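Residue numbers for the sequence shown follow my numbering, beginning at 17 and rising by one.
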Amino acid sequence: MKSMPVSQPDSIKRQRKSAEQRTRDILDAATQVFARNGFRGADVQHIADQAGVGKGTVYRFYPNKEELFRAVVDDAMQRLTAQIDAAVAGIDDPFDYLRISFRAYMAFFQANPDTIELFVHERAEWGIECKPSYFVYKDAHSDEWLAMCERMVATGQCRVTDAGLIQELVGNLAYGTILVNRISGRNAPLLEQADALLDTLMQGILRA
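Right, here's the structure in full:
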(Lines of atoms letter the chains of each structure in order from A; the text may use other names.)
(Lines give C-alpha, C1' and ligand atoms only; values in the text may rest on other atoms or scores of the structure.)
Protein backbone atom coordinates (compact mmCIF):
# COMPACT_ATOMS: atom_id res chain seq x y z
CA MET A 17 0.00 0.00 0.00
CA LYS A 18 1.43 3.35 -1.08
CA SER A 19 1.97 5.69 1.82
CA MET A 20 0.26 9.06 1.71
CA PRO A 21 2.53 12.12 1.49
CA VAL A 22 2.96 13.82 4.80
CA SER A 23 2.13 17.52 4.72
CA GLN A 24 4.69 19.78 6.27
CA PRO A 25 3.77 21.94 9.26
CA ASP A 26 3.17 25.61 8.57
CA SER A 27 6.22 26.45 10.68
CA ILE A 28 8.47 24.53 8.27
CA LYS A 29 6.91 26.21 5.26
CA ARG A 30 7.42 29.60 6.85
CA GLN A 31 11.09 28.92 7.45
CA ARG A 32 11.66 28.71 3.71
CA LYS A 33 10.96 32.43 3.34
CA SER A 34 13.93 34.73 3.55
CA ALA A 35 13.91 37.42 6.22
CA GLU A 36 13.52 40.00 3.47
CA GLN A 37 10.47 38.23 2.02
CA ARG A 38 8.88 37.82 5.44
CA THR A 39 9.39 41.52 6.12
CA ARG A 40 7.79 42.37 2.78
CA ASP A 41 4.83 40.08 3.49
CA ILE A 42 4.34 41.57 6.95
CA LEU A 43 4.44 45.14 5.65
CA ASP A 44 2.02 44.36 2.83
CA ALA A 45 -0.42 42.64 5.18
CA ALA A 46 -0.10 45.36 7.80
CA THR A 47 -0.77 48.04 5.19
CA GLN A 48 -4.10 46.43 4.33
CA VAL A 49 -5.13 45.75 7.93
CA PHE A 50 -4.18 49.21 9.24
CA ALA A 51 -5.83 50.92 6.27
CA ARG A 52 -9.04 48.98 6.80
CA ASN A 53 -9.24 48.99 10.61
CA GLY A 54 -7.11 51.91 11.77
CA PHE A 55 -4.28 51.74 14.28
CA ARG A 56 -6.33 50.84 17.34
CA GLY A 57 -8.62 48.45 15.51
CA ALA A 58 -5.81 46.49 13.87
CA ASP A 59 -5.06 43.05 15.30
CA VAL A 60 -1.44 41.90 15.06
CA GLN A 61 -2.59 38.28 14.93
CA HIS A 62 -4.72 39.14 11.92
CA ILE A 63 -1.70 40.77 10.29
CA ALA A 64 0.42 37.69 11.00
CA ASP A 65 -2.22 35.36 9.57
CA GLN A 66 -2.55 37.44 6.43
CA ALA A 67 1.23 37.58 6.02
CA GLY A 68 1.54 33.83 6.48
CA VAL A 69 3.86 34.09 9.47
CA GLY A 70 3.57 33.52 13.18
CA LYS A 71 2.64 36.36 15.51
CA GLY A 72 6.01 35.97 17.20
CA THR A 73 7.71 36.58 13.87
CA VAL A 74 5.92 39.90 13.53
CA TYR A 75 7.11 40.95 16.98
CA ARG A 76 10.62 39.76 16.21
CA PHE A 77 10.79 42.30 13.38
CA TYR A 78 8.64 44.96 15.05
CA PRO A 79 8.58 44.95 18.88
CA ASN A 80 5.16 46.63 19.16
CA LYS A 81 2.21 47.69 17.06
CA GLU A 82 3.24 51.34 16.93
CA GLU A 83 6.65 50.47 15.48
CA LEU A 84 4.93 48.27 12.92
CA PHE A 85 2.55 51.05 11.91
CA ARG A 86 5.38 53.56 11.56
CA ALA A 87 7.40 51.04 9.54
CA VAL A 88 4.43 50.58 7.20
CA VAL A 89 4.08 54.32 6.58
CA ASP A 90 7.84 54.73 6.21
CA ASP A 91 7.92 51.88 3.70
CA ALA A 92 5.17 53.53 1.66
CA MET A 93 7.03 56.84 1.59
CA GLN A 94 10.27 55.15 0.55
CA ARG A 95 8.48 53.38 -2.31
CA LEU A 96 6.81 56.63 -3.39
CA THR A 97 10.14 58.44 -3.38
CA ALA A 98 11.84 55.63 -5.30
CA GLN A 99 9.08 55.59 -7.93
CA ILE A 100 9.35 59.33 -8.53
CA ASP A 101 13.16 59.26 -8.58
CA ALA A 102 13.15 56.44 -11.13
CA ALA A 103 10.65 58.27 -13.33
CA VAL A 104 12.66 61.51 -13.51
CA ALA A 105 16.13 59.98 -13.75
CA GLY A 106 18.01 61.72 -16.55
CA ILE A 107 15.33 64.39 -17.09
CA ASP A 108 16.94 67.84 -17.43
CA ASP A 109 14.10 70.07 -18.60
CA PRO A 110 12.39 71.41 -15.44
CA PHE A 111 8.92 71.46 -17.02
CA ASP A 112 9.26 67.83 -18.15
CA TYR A 113 10.61 67.01 -14.69
CA LEU A 114 7.53 68.53 -13.07
CA ARG A 115 5.04 66.78 -15.34
CA ILE A 116 6.71 63.37 -15.16
CA SER A 117 7.17 63.50 -11.39
CA PHE A 118 3.58 64.65 -10.91
CA ARG A 119 2.31 61.74 -13.00
CA ALA A 120 4.55 59.29 -11.12
CA TYR A 121 3.15 60.63 -7.84
CA MET A 122 -0.43 60.16 -9.01
CA ALA A 123 0.36 56.72 -10.42
CA PHE A 124 1.73 55.59 -7.06
CA PHE A 125 -1.39 56.56 -5.14
CA GLN A 126 -3.65 55.18 -7.82
CA ALA A 127 -1.92 51.82 -7.40
CA ASN A 128 -1.62 52.12 -3.59
CA PRO A 129 -4.81 53.77 -2.30
CA ASP A 130 -4.39 52.16 1.13
CA THR A 131 -1.43 54.46 1.69
CA ILE A 132 -3.79 57.43 1.78
CA GLU A 133 -5.82 55.71 4.50
CA LEU A 134 -2.61 55.30 6.49
CA PHE A 135 -2.02 59.05 6.37
CA VAL A 136 -5.51 59.66 7.73
CA HIS A 137 -5.13 57.10 10.52
CA GLU A 138 -1.69 58.44 11.47
CA ARG A 139 -3.10 61.94 11.91
CA ALA A 140 -6.14 60.65 13.80
CA GLU A 141 -4.03 58.60 16.21
CA TRP A 142 -1.19 61.02 17.00
CA GLY A 143 -2.69 64.39 16.10
CA ILE A 144 -0.36 67.35 16.45
CA GLU A 145 1.96 65.48 18.81
CA CYS A 146 3.91 64.01 15.93
CA LYS A 147 4.70 65.44 12.51
CA PRO A 148 3.05 63.25 9.84
CA SER A 149 5.52 61.03 8.01
CA TYR A 150 4.40 62.41 4.65
CA PHE A 151 5.60 65.88 5.60
CA VAL A 152 8.82 64.56 7.13
CA TYR A 153 9.69 63.11 3.73
CA LYS A 154 8.37 66.16 1.90
CA ASP A 155 10.61 68.46 3.94
CA ALA A 156 13.60 66.17 3.43
CA HIS A 157 13.26 66.62 -0.35
CA SER A 158 12.25 70.28 -0.22
CA ASP A 159 15.58 71.65 -1.44
CA GLU A 160 15.68 69.57 -4.61
CA TRP A 161 12.08 70.49 -5.47
CA LEU A 162 12.78 74.15 -4.82
CA ALA A 163 15.81 73.94 -7.12
CA MET A 164 13.60 72.49 -9.84
CA CYS A 165 11.11 75.34 -9.43
CA GLU A 166 13.95 77.87 -9.55
CA ARG A 167 15.08 76.36 -12.84
CA MET A 168 11.54 76.77 -14.17
CA VAL A 169 11.53 80.44 -13.17
CA ALA A 170 14.99 80.93 -14.70
CA THR A 171 13.64 80.00 -18.15
CA GLY A 172 11.63 83.23 -18.16
CA GLN A 173 8.43 81.36 -19.06
CA CYS A 174 6.72 81.63 -15.67
CA ARG A 175 4.31 84.43 -14.82
CA VAL A 176 4.83 83.61 -11.14
CA THR A 177 8.48 84.22 -10.30
CA ASP A 178 8.46 83.09 -6.67
CA ALA A 179 9.90 79.57 -6.85
CA GLY A 180 8.85 78.85 -3.27
CA LEU A 181 5.24 79.72 -4.08
CA ILE A 182 5.28 77.48 -7.14
CA GLN A 183 6.65 74.65 -5.03
CA GLU A 184 3.91 75.14 -2.44
CA LEU A 185 1.15 75.30 -5.04
CA VAL A 186 2.25 72.11 -6.77
CA GLY A 187 2.68 70.28 -3.46
CA ASN A 188 -0.72 71.32 -2.17
CA LEU A 189 -2.37 70.44 -5.47
CA ALA A 190 -0.85 66.96 -5.45
CA TYR A 191 -1.55 66.11 -1.81
CA GLY A 192 -4.96 67.72 -1.77
CA THR A 193 -6.02 65.83 -4.86
CA ILE A 194 -5.18 62.38 -3.52
CA LEU A 195 -6.85 63.10 -0.18
CA VAL A 196 -10.07 64.55 -1.58
CA ASN A 197 -10.28 61.86 -4.23
CA ARG A 198 -10.07 59.12 -1.60
CA ILE A 199 -11.99 60.64 1.30
CA SER A 200 -14.86 61.84 -0.89
CA GLY A 201 -15.33 58.29 -2.14
CA ARG A 202 -15.00 59.32 -5.78
CA ASN A 203 -11.85 57.26 -6.31
CA ALA A 204 -11.52 58.62 -9.85
CA PRO A 205 -8.41 57.46 -11.74
CA LEU A 206 -5.68 59.81 -10.55
CA LEU A 207 -3.57 59.46 -13.67
CA GLU A 208 -6.46 60.72 -15.77
CA GLN A 209 -6.57 63.84 -13.61
CA ALA A 210 -2.83 64.50 -13.56
CA ASP A 211 -2.40 66.26 -16.90
CA ALA A 212 -5.61 68.28 -16.56
CA LEU A 213 -4.56 69.49 -13.12
CA LEU A 214 -1.10 70.51 -14.26
CA ASP A 215 -2.41 72.18 -17.41
CA THR A 216 -4.84 74.24 -15.33
CA LEU A 217 -2.08 75.18 -12.90
CA MET A 218 0.35 76.16 -15.63
CA GLN A 219 -2.09 77.98 -17.90
CA GLY A 220 -4.63 79.28 -15.37
CA ILE A 221 -8.39 79.35 -15.82
CA LEU A 222 -8.58 82.82 -17.37
CA ARG A 223 -7.92 83.61 -20.99
CA ALA A 224 -4.74 85.54 -21.66
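For glycine and all other residues, C-beta sits at the position ideal for the given N, C-alpha and C.
As the structure is a computational prediction, the values presented were derived from the model and not from experiment.
Item, Value
"Starting from the C-beta of residue 62, find all residues in its chain whose C-beta is less than 6 Å away, skip the five residues before and the five after it, and write them out in chain order.", "49"
"Please list the segments of the alpha helix (DSSP H) lying wholly inside the stretch 58 to 98, counting only runs of 4 or more residues, in order along the chain.", "60 to 67 and 71 to 77"
"In or out: residue 110 buried (at least 16 other Cβ within 10 Å) or exposed?", "buried"
"Mind checking whether residue 114 and residue 186 have CB atoms under 8 Å apart?", "yes"
"Check residue 223 in the structure and name its three-state DSSP category.", "coil"
"Verify whether the separation of the beta carbon atoms of residue 10 and residue 135 is less than 8 Å.", "Absent from the model: residue 10. The displayed extent of the chain is 17 to 224, so no value can be given."
"Apart from the five residues on each side of it in sequence, which residues of its chain come closer than 8 Å, Cβ to Cβ, to residue 56?", "141"
"What does the Cβ neighbour count give for residue 101, buried or exposed, with the cut at 16 atoms within 10 Å?", "exposed"
"Kindly indicate if chain B contains any beta-carbon less than 8 Å away from that of residue 149.", "Of the protein chains in the structure, only one exists, and it is not chain B."
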